[in-house]
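Comments concern the structure below.
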Amino acid sequence: VVVLRSVPRPSGEAAFPADAALVRAARAGDAGAAEALVRRHARALNGLALRLLGRDGDVDDVVQDAFASAFAGLGRLQDPQAFSAWLSGILVRLVGKVIRRRRMLARLGLGRALLDIDLDALVAPTVPQDDALELRRLYGLARRLPADVRVPLLLQRVEGLGLDEIARLMGASLATVKRRIAQAEAALRESFLRGEGR
Amino acid sequence: MTPSETSLGRHIEPALDEARLERQIAAIEARARRPSASRRAFTLAAASVAVVAIMLLRAHLDPRARPEPGPLAGTTFEAPAGGETITLGDGSRAVLEPQSKLTLLTVRPELVRVALERGGVDLDVVHAEGKQFVAVARGYEIRVLGTRFRVRLGEGGAPALEVKVARGRVRVTRLGADGAPETDVRVLDAGETWSTAPEAAPAPELPPTPAAVPELSPMPAAVPPAGPAASASGESARDLLARAEAARAANQPRAAARLFDALRLRHRSDARAGLAAFELGRLRLDRLDDPRGAAEALTDALAIAPRAPFREDAQARLVEAYAAARERGRCLDAQAAYLARYPQGVNRAKVAARCPE
Chain A
13 VVVLRSVPRP SGEAAFPADA ALVRAARAGD AGAAEALVRR HARALNGLAL RLLGRDGDVD
73 DVVQDAFASA FAGLGRLQDP QAFSAWLSGI LVRLVGKVIR RRRMLARLGL GRALLDIDLD
133 ALVAPTVPQD DALELRRLYG LARRLPADVR VPLLLQRVEG LGLDEIARLM GASLATVKRR
193 IAQAEAALRE SFLRGEGR
Chain B
48 MTPSETSLGR HIEPALDEAR LERQIAAIEA RARRPSASRR AFTLAAASVA VVAIMLLRAH
108 LDPRARPEPG PLAGTTFEAP AGGETITLGD GSRAVLEPQS KLTLLTVRPE LVRVALERGG
168 VDLDVVHAEG KQFVAVARGY EIRVLGTRFR VRLGEGGAPA LEVKVARGRV RVTRLGADGA
228 PETDVRVLDA GETWSTAPEA APAPELPPTP AAVPELSPMP AAVPPAGPAA SASGESARDL
288 LARAEAARAA NQPRAAARLF DALRLRHRSD ARAGLAAFEL GRLRLDRLDD PRGAAEALTD
348 ALAIAPRAPF REDAQARLVE AYAAARERGR CLDAQAAYLA RYPQGVNRAK VAARCPE
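Line by line, the protein sequences give chains A and B.
Each residue of the first sequence is one higher than the one before, starting from 13 at the first, in my numbering.
Each residue of the second sequence is one higher than the one before, starting from 48 at the first, in my numbering.
Following this line, the structure appears as structure tokens:
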């Protein structure tokens, strides 16, 4: 017979506390709150990383870095309820770094395969045909684009975000985001005219 | 950030199961302990708070990191041949069957969460105001407030998971790939038993490829070669789906159903699992005269892939399955759910006419 005794916790805690409460508790060193934040946001963050990177290989690294950076900078988060958006911004900027690093290595003739996107793995056979076609076209082009153009394109076309939100996530001005998306659109048109992704 | 229901991103979801999440948590802890030089330069103070938080987090999960008795979350009990009884501080008891394996995920005054990994366990939970007791097993969560119930993992032809309530009431909820509650499956009262379908049969028992069955019509051109490695053990979701489709095209509904079943059970985080469960439901309903089995598979499909394109059809067929099984209460629930979600749905008239007295 094993007798388990547990440490009392303050009562009156909501069953599903808001992010703000968890952030405040995590800042104070509450392990349960940190765990809850990771578990609550892990799926969304893994999804965002996968969709921006286009391959599963680097997802774990980027997600772990994003959480580690977020916890390290928790003291700088002004609005604790905005944890999710703040965390997403950290991840988006990390993804940009990863893509830039991959492209640089590829230019040096190293790790060219890291730029590849396995479209069959990414776009499941169950995806409706029109959406699958669109995704293949987008990712077919995205793998050739620089990070500064690729990330806003995918945030807009795949995540369905507005320009303001993209600018906030990327830490860029609205004008910059508009210019980069226009660049991406032009590349998309060219790729379509060449018959790619069809 | 989750993609909207209309964005393309909804089609691309990560395969994130509990094991991968645990690995990520461990790595986050390691990275928080060893911040990079640039990060360290300006975030040392804040990082130290986070490191403490993450270390404490791990202390909850890793019993080796715990210096003294207290919350024993993370502890795993493997019962010897004679079984084992675990008694919690509040008097709740877990009686493990011989050779069973149980892990304490969370032990707090307001929440006890245990995971049954092997065998069976009798749980006798002492009621306390505001306290929750949750058992997790094979992708389901059984949540109680003061009761006695048994959870059992089956093998071979036995149900993969069986829950039997001796006293009180429990709610069974299917968990998503990330371990979060996703869909309520059943509420069980005292005396009631609920179980899932048997675990997919071991490889040799799986149906042969359609090509190997003498009475088959010719193999459709799209069927991939099966060869001697036609056993489903370790077979990819893509191959299982291809074989299932081939079996169905070859007018072998039972073989197709078993392959769809194997796919959804063995590759639950794969994008094809929801479709496989849906197709299994259709086969059981339309071809195998098994409306209860169809209802189970369709419920599973909705849980695995809640935003799939076939959702409306699955909900409509669920009504049909419950009607055919003469389960009027569930039929009415499913009917109400369909009509609420799809007031102008293409199956509206058909669904509204179901669930007769």
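Built from N, CA and C at the ideal position, the CB exists for glycine as well.
Keep in mind the model is a prediction, meaning the values are calculated, not measured.
In this structure, VAL104(A) is the residue among ALA94(A), VAL104(A), ASP31(A), ARG88(A) with its C-alpha nearest to the C-alpha of LEU57(A).
Using a CB distance below 8 Å, the part of the segment 165-196 of chain A facing chain B consists of ARG169, VAL170, GLU171, GLY172, ordered along the chain. DSSP places TYR385(B) in the helix class (H, G or I) of the three-state scheme. For a cut-off of 8 Å, the C-beta gap from GLY166(B) to GLN179(B) is around 23 Å, too long to register as a contact.
When Cβ-Cβ separations below 8 Å define contact, GLN76(A) makes contact with chain B. PRO158(A) is the residue among LEU205(A), PRO158(A), MET182(A) whose C-alpha sits nearest the C-alpha of GLN195(A). Here the alpha carbons of ARG36(A) and GLN90(A) stand approximately 11 Å from one another. At a cut-off of 8 Å, the C-beta of LEU63(B) has a neighbouring C-beta in chain A.
One Cα belongs to LEU134(A), the other to ARG191(A), and the distance between them is close to 28 Å. Counting only the Cα atoms, LEU106(A) lies some 15 Å from MET116(A). In terms of CA proximity to LEU34(A), ALA94(A) leads the group ILE102(A), ARG112(A), ALA94(A), ARG180(A). In this structure, ARG197(B) sits near LYS211(B), with a CB-CB distance shorter than 8 Å. Excluding residues up to 5 positions away in sequence, GLN362 lie with their Cβ nearer than 7 Å to the Cβ of ALA384(B) in the same chain. Across the segment 132-149 of chain A, CB contacts with chain B closer than 8 Å involve LEU134, VAL135, ALA136, PRO137, THR138, VAL139, PRO140, ASP143, ALA144, GLU146, LEU147, in sequence order along the chain.
Taking 8 Å as the cut-off, the beta carbon of ALA372(B) is found no closer than this to the beta carbon of ALA348(B).
Straight-line spacing of the CA atoms in LEU153(A) and LEU208(B) works out to 46 Å. The alpha-carbon of LEU330(B) is positioned some 15 Å away from that of ALA320(B). ASP132(A) and PHE307(B) have their C-alpha atoms roughly 20 Å apart. Restricting attention to PRO300(B), HIS58(B), VAL161(B), CYS402(B), the CA atom closest to the CA of ALA184(B) is found in VAL161(B). Annotation for ILE189(B): the continuous beta strand (DSSP E) segment containing it runs 187-191.
As DSSP reads the structure, TRP241(B) sits in a beta bridge with VAL210(B). Distance from the Cα of GLY41(A) is smallest, within the candidate group GLY87(A), ALA184(A), ASP72(A), for GLY87(A). Closer than 8 Å to the CB of PHE79(A) there is at least one CB belonging to chain B. Ranked by Cα distance from GLY238(B), the options ALA244(B), GLY215(B), THR230(B), ASP231(B) are led by GLY215(B). The beta carbon of THR134(B) lies closer than 7 Å to those of ARG140 in the same chain, with the five residues before and after it left out. In the structure shown, ALA66(B) adopts helical secondary structure according to DSSP, grouped into three states. Within a 10 Å sphere around the beta-carbon of THR346(B) sit 16 or more other beta-carbons, which makes this residue buried.
Judged by DSSP in its simplified three-state form, ALA162(B) adopts strand.
For ARG221(B), the closest alpha carbon among the candidates ALA182(B), ALA213(B), THR194(B) is that of ALA182(B). Going by DSSP, GLN195(A) is part of the alpha helix (DSSP H) stretching over 186-205. Taking a beta-carbon distance threshold of 8 Å, LEU34(A) does not count as an interface residue toward chain B. Annotated as distal: VAL75(A) and ILE72(B), with beta-carbon spacing of 8 Å or more. Taken atom to atom, the span from the alpha-carbon of VAL219(B) to that of VAL168(B) is near 16 Å. Taken through DSSP and simplified to helix, strand or coil, THR346(B) comes out as helix. In terms of CA proximity to ALA78(A), LEU60(A) leads the group GLY66(A), LEU60(A), ARG156(A). With a threshold of 16 other beta carbon atoms within 10 Å, PHE204(A) falls short and is exposed.
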